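Structure, as structure tokens:
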Amino acid sequence: MLKEYRIVLRNSGLIDPENIDEFIAADGYRALQKALKSEPIGIYEEIIDSGLRGRGGAGFPTGTKEKAAAVICSDCTRYVICNADEGEPGTFKDRVIMETDPHTLIEGIAIAAYSIGAHKGFIYIRGEYGLATRRVQLAIEQAYDRGFLGKNILGSGFDFDLEIRRGAGSYLCGEELTLIESVEGKRGHPRIKPPYPAERGLWGAPTLINNVETLANFPAIILNGAKWYRSIGTEKSPGTKIFTISGDVNKPGFYEFPMGVTLKELIYDVANGVKDGKPFGAALIGGAAGTFASEQHMDVPMDYDKLREVGLTLGSGAVIVMDDTRDLNQVMLSILRFFKHESCGKCIPCRVGTTQLYNLLNENLTQGNFDPAKVYPELIRQAGMIAKTSLCPLGQSPILPLKSLWEHILVSQIANQ
Amino acid sequence: MGAYFGFANSKSVIMAKVKIRIDGKEVLANEGANLLHEARLNGFDIPGLCYHRKLTPTGACRLCLVKVEGQRGLVASCTLTVKEGMNIVAFDQELEDTRRFLLDYLISEQNTSYDDTYTDELRELILRYNLDKAENRFFKPIKHEVELKIDDSSPVLTYDPSKCIKCFRCIKACDEVQGKNVLSFTQRGLNSYIVAGTGTWGESECDGCGECIQLCPTGAIVEKPHRDTISISKVEQRVRTTCPYCGVGCQIELLVQNGRIVRSNGVEGVLPNDGRLCVKGRFGYDFVHSPDRLTKPLIRKNGELVEASWDEALTLIASKFNELKQKYGPDSLAGYASAKCTNEDNYLFQKFIRIAFGTNNLDYCTRLCHASTVTAMLKSIGDGAGSNSIEDFETTDCLIVIGNNIIETHPITATYIKRGAAKGMKIIVIDPRRTPLVSYSTLWLQPRLGTDVALLNGMIREIIVNGWFDQNFIENRVEGGMQAFSDLKDLVEKYTPEVTESITGVPAEAVKEAAKIYATAKTAMVATGMGMSQQVTGTHNVFSLLNMILITGKIGKERCGIDPPRGQNNVQGATDVGCHPTMYPGYIPISNVENRQKVAHVWGVPFESLSDRPGLTTVEIIQAALQGKIKGLYIIGENPMISDPDLNHTENALEKLEFLVVQDIFLTETARFAHVVLPASSWAEKNGTLVNSDRRVLRVRKAIESPGEARQDWEIIHELAARMGKPMPKYRDEAEIFDELARITPIMAGISHARLEHQGIQWPCPTPDHPGTPTLYLDKFNTPTEKAKLFPVEYTEQSEQATSEYPFILNSGRILYHYHTGTMSRKNKVLTDFVNKPYVVMHPNDAFKLGVKHGERVKLTSLRGSIETQVRIADEVLEGELFMPWHFTEAQVNRLTRDELDPYSRIAPFKISAVRVEAVGD
Ligand SMILES: Cc1cc2nc3c(=O)[nH]c(=O)nc-3n(C[C@H](O)[C@H](O)[C@H](O)COP(=O)(O)O)c2cc1C
Ligand code: SF4
Ligand code: SF4
Ligand code: SF4
Ligand code: FES
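In the order they appear, the protein sequences are chains A and B.
Remember, the numbering used here sits 1368 above the position in the first sequence when you count from 1.
Remember, the numbering used here sits 22 above the position in the second sequence when you count from 1.
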């Protein structure tokens, strides 16, 4: 069987997440010590060199964001925020990190804060994540006790405070600017972009906002160096990725692999194949804001760019597998229901469009005589307009599953009929 | 994004013009300004529903999408700022198709019915994109999952969520423009709608300003009053004029239909208010159509006021006044001018009193508000008016608001303050009462009533001890320089923070903190109110304030100074144009022979006929009447029977007069004592000008006809002068009166009606090409030496103190919904819907001790008299202190106040009366 390569999850299951000593014994907080001895600029340069890209879905180069937040002004207040809202359906990697090794995350956040000069940070945790919240909270307290957080960390003169904020069940609040509004205590409506968070984020201050998995990579990169990190994964997407595999497979779960692993390997080698020996139908990669892959994509190396080349997205790394008896139109309908429900309503195209899309598909499905060739082009036309005109990336999402389902699967189904 | 750009006269944002390209055409636009706004200014009518010039961009409707060279995809133009060299496509097939698509989407969830009672921006777009007919619409209507309930609970507006396009304009209007933050969305997505507070409008903190109505682009929030009669397409006239209430001088637009005012909107884009109004300005106009308006002259016959002809009334008045003048001399006559009449009316009135009566016994209610402030300011810095411009209240770094419930009494000035606070301006509130501004403030000092001098001296000492004074300023701009400063220093030496605390009750630490914030701010202003001025020590209070301002050099610079926001809409103007016992128009002393010669020349009267004897002031006139020295009194648009201190006393005085003429629009409490009552015109029936609190001369324009036989004030005065044998020249119109007034009023010499067409001009404006003066004293003070003067003053105990018999100190003042003596405000449904009953505010501990409950009736008794009212229990007042609004004739606070006067300014101590409280049961 294909072997996992664990960087982020290296301690997961091996140490007691509630015992800081076990973490320290496993080289914990050594990266932070090392970082505090070097110049901040050296840290973000290292992250830039490592090629680490954001694991929240968009795959933006992390070091570049850090640098932007670090150099935008001298002597101003800055914040760092860890995005632990994890709302994408089928995704539970951040939960695993927080539940099984919260200190790795805290160490990563502290390093990031030091590199940009932030003295205050927030972890915005999805409201439903009770255990994760408790464990992170406990870990924060322990870290304060041991001097890894708070005033004058490890005698370096660097101060950093970290606090948890809890989400309230809105998918959109995972979107960075909406999340920032929410941390400020406002309703979950997105802000106009630009300015980006690195320019004007929390309370108008430059803010670095990264996903849990992204930040959990920091300690290993700082300890082992950018060169080491680049030796893992693919050229344009170095490092590993946690894939959360669910749906019709024999062994669903979370698995950390170097970037470039294929769908076939994940489904057949790692998750022990499609349940009940049924033929593979489709895989939804990246959650609701993701794309449908078909049989033809089995051998595409999974990294940000390779997938994009074939019209797929890696997204959060969720892989939802469907056997060939699943009614993909119903799957699509529930995705549209999800968007309709999660649209914040601020902008016209997404507020009205997500409902129009849902109604259109729903009416056609319930009427009988469903003809995808008549419905999908119109759905795609509207979803395209929505994507083109909406205010925030949520409205740009429905087009992804719609178009990929149509082009990758339904078109050939029709042709084969 | 300057919220202000667009003001012709504003000094706030001056932007450079740069070249940009729109649809291939080169245009000039303001750099850094909003792209959508600039495009529209240049004639590119890009659609858009969520953007409004006054609000931060929202980017919600997406209709304003354009293409920008160098940027991917479509970009909302309302979220972009103009940069040199930008190249934009505003209209092409793709963009127009996209906009039509979006609009079609929008109306699929919308109730698009229209009833012609409001201006509907959405409807205009629907027509423009041919989507009014159902067959042109592509998308099926959407059914909402939640029931969309109409909220009709507010006295001023109705919210219909089925017409709400969720553009955020109302939310931002309430929050960003008015600083109230009452509104928000509830629910999510398609099901979201607006809520006020946590439930309905009626229960929320909404105070009815109507900003949200004005900025709502659809019929989702509509005005309630006159909903059943107004028809936008049938509106005959839209008249721009100035609000009849407070001294902010908001510019309003009156909509007239069938000869009646049916709506009042704020005028966008001009100062002082930039479209903002308070509940009075927007909903307080109904009084002009009240059936109680006077329509015929009334003459007292056999003790009764009976209708008479104008001829009979005027003949009687002329002969009676002439008779009294002959019998008792000119100084037996007196006049009360009006802070509600125009400059033109008041100018002619003072001219009338001076040439027809031949006396300087001429005053008005200003004596009751800010006379002490004006006295102190004239002595110390040379002008009695506010030194700054209203926008400075937003941009200064620090603001002290002392004795001034500014959110309620000057609501629109307060909007600037709240906006400043949101951007980090430091606000120090000094008030014995927890005024609404306290929740926006950095620091609140709560001194005991009447201890202001001690507090200010304590702050001054702290400033000196810490070296926060401005030596350079003192040496160059203060008379006596460091020597004068050292006299002040010696005097305040004993006001240590601890001593100050023991006198005022303000913790020593807070005294230090306040001194530090104020003195170390880069720029700082002070807004002082009647809490300071209406005391026996009123002038001293303001002197000590000015001392603090002067030693820190916080005046004579942009965004620094002292501002006493004025109570009524023309309280400033009436003094400016000479309704003053010792000054001619433009603050020219009557005592000076040369001045009298000049005035006599312009008026065409013999120099000797102008009296050089200083006249009596408001309360002195009443006292003199009581003593039988004043025999005849002519009152225009004033109601001393509510506004004067010690009303029992006033009543006796009015009864003693041999002849009293009251010219008003209503039969006021005062008019009931008159021998002749003359029906005058309301502000909506007049042309003219007035002067607001920031010295801005503003136009008043006629919107409707006067009822019955009511006449213009100035015409009545003019006619009376003729009948008394002292005719004035013929004036073609009010503009011509203004021209004469400009000739003898140097501060307005450069102003004419024509120059005020678009927006007001701030005096001094000496020449026709002078732009007006936003900030006073930048180069010199207006004193004879051109320097300011320090007046060190000691704290003295209040002459009236609480005693065991009268254990409470009663404070009085105004509230948002009413105004002055209530003659106007209480004749408006909306305003009385909000509040229509007098009350007294008492601290919960006192209520507990007395055993009175909220809402219970109590009797308040002072040495002067007693009244009954309801108790409101709230901890906004200190223990042992009470507060009561004075607008209500059924519980006249001034039955309790005293007419002991400030020796310098002759103002009365409305703020401090010792009273006792007894429960009287329900
Ligand atoms: C609708 C929506 C939901 C999102 N939810 C999440 C989320 O739950 N967690 C997350 O890390 N990023 C989420 N994102 C992405 C964030 O906006 C942002 O890109 C991310 O936090 C950046 O971190 P990274 O660079 O480390 O990936 C979401 C984006 C959108 C548009
Ligand atoms: S795209 Fe959707 S989620 Fe984003 S602002 Fe518009 S309505 Fe809200
Ligand atoms: S009327 Fe004024 S206070 Fe009330 S909700 Fe509207 S904007 Fe806010
Ligand atoms: S009520 Fe009016 S202003 Fe407010 S969101 Fe709805 S349409 Fe916009
Ligand atoms: S006007 Fe620009 S998005 Fe609405």
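In this text, a Cβ means the ideal position worked out from N, Cα and C, and glycines have one as well.
Note that this is a predicted model, so its numbers are computed, not measured.
Distance between beta carbons of residue j and residue i, contact taken as under 8 Å
i               : j               : result
I766 (chain B)  : V621 (chain B)  : 6 Å
G710 (chain B)  : V722 (chain B)  : 5 Å
E1543 (chain A) : P1562 (chain A) : Not really, about 15 Å apart at Cβ, beyond 8 Å.
I759 (chain B)  : Y358 (chain B)  : Actually they are not in contact, since the Cβ atoms of I759 (chain B) and Y358 (chain B) sit about 20 Å apart, beyond 8 Å.
R1533 (chain A) : Y1497 (chain A) : 12 Å between Cβ atoms; not a contact.
L320 (chain B)  : V862 (chain B)  : About 35 Å separates the two Cβ atoms, so there is no contact after all.
A532 (chain B)  : D585 (chain B)  : Not quite, the Cβ-Cβ distance comes to about 23 Å (not below 8 Å), so this is no contact.
Neighbour list for residue i in chain B, Cβ cutoff strictly below 7 Å
i               : result
S1711 (chain A) : G211
T1555 (chain A) : Correcting the residue type first, residue 1555 (chain A) is Arg in the shown sequence and not Thr. Residues of chain B passing the Cβ test: S206 and F207.
T1723 (chain A) : I164 and L212
V1743 (chain A) : What V1743 (chain A) touches in chain B: nothing, since even the nearest Cβ is about 14 Å away.
Whether residue i touches residue j by CB criterion (7 Å)
i               : j               : result
L1576 (chain A) : A1480 (chain A) : yes
V284 (chain B)  : H311 (chain B)  : no
F629 (chain B)  : Q645 (chain B)  : no
L384 (chain B)  : P603 (chain B)  : yes
I612 (chain B)  : A356 (chain B)  : no
A1757 (chain A) : R84 (chain B)   : Before going on, a small fix: residue 1757 (chain A) reads as Thr here, not Ala. Yes.
P69 (chain B)   : R121 (chain B)  : yes
I837 (chain B)  : L471 (chain B)  : no
C72 (chain B)   : A61 (chain B)   : no
G232 (chain B)  : R298 (chain B)  : no
V199 (chain B)  : E227 (chain B)  : no
H74 (chain B)   : C268 (chain B)  : no
N1640 (chain A) : K1619 (chain A) : yes
T797 (chain B)  : E580 (chain B)  : yes
S703 (chain B)  : A743 (chain B)  : no
Per-residue contacts from residue i into chain B (C-beta, under 9 Å)
i               : result
R1378 (chain A) : Correct list: empty, because the minimum Cβ distance to chain B is about 39 Å.
K1708 (chain A) : G211 and L212
V1551 (chain A) : The contacting residues do not exist; V1551 (chain A) stays about 17 Å from chain B at best.
Partner residues on chain A for residue i, Cβ-Cβ distance less than 8 Å
i              : result
T120 (chain B) : M1753, K1756 and T1757
R84 (chain B)  : C1715, I1716, P1717, T1757, S1758 and L1759
7 Å Cβ cut-off: residues of chain D touching residue i
i               : result
P1761 (chain A) : The chain inventory of the structure shown lacks chain D, comprising the protein chains A and B.
Within chain A, partners of residue i - CB distance below 9 Å
i             : result
P79 (chain B) : I1560
Chain B contact residues for residue i, given Cβ-Cβ distances below 8 Å
i               : result
N1727 (chain A) : K162 and I164
TODO: Check each residue's C-beta against every heavy atom of ligand 3 and list, in chain order, those closer than 6 Å.
DONE: B:A195, B:C196, B:Q200, B:K202, B:V204, B:L205, B:A218, B:C228, B:D229, B:G230, B:C231, B:G232, B:E233 and B:C234
Task: Residues, ordered as in the chain, of the stretch 154-169 of chain B that lie near chain A by beta-carbon distance below 8 Å - done: F161, K162 and I164
Task: Selection of the stretch 180-191 of chain B by Cβ proximity to chain A, strictly under 7 Å - done: For the stretch 180-191 of chain B, which is checked against every Cβ of chain A, the residues closer than 7 Å are K188.
Open item on the list: So if I threshold CB-CB distances at 7 Å, which residues from the stretch 110-136 of chain B count as touching chain A?
Closed with: T120, F123, L124, Y127, L128, S130 and E131
- [ ] Give the residues from the stretch 84-101 of chain B that approach chain A closer than 7 Å (Cβ to any Cβ), ordered along the chain.
- [x] R84, L87, G95, L96 and T101
Task: Residues proximal to ligand 2 by C-beta, any heavy atom closer than 6 Å - done: A:L1540, A:P1558, A:S1711, A:C1712, A:G1713, A:K1714, A:C1715, A:C1718, A:R1719, A:S1758, A:L1759, A:C1760, A:L1762 and A:G1763
Task: Residues of the stretch 1682-1694 of chain A with Cβ closer than 8 Å to any Cβ of chain B, in chain order - done: Interface annotation for the stretch 1682-1694 of chain A against chain B: empty, criterion Cβ-Cβ distance under 8 Å.
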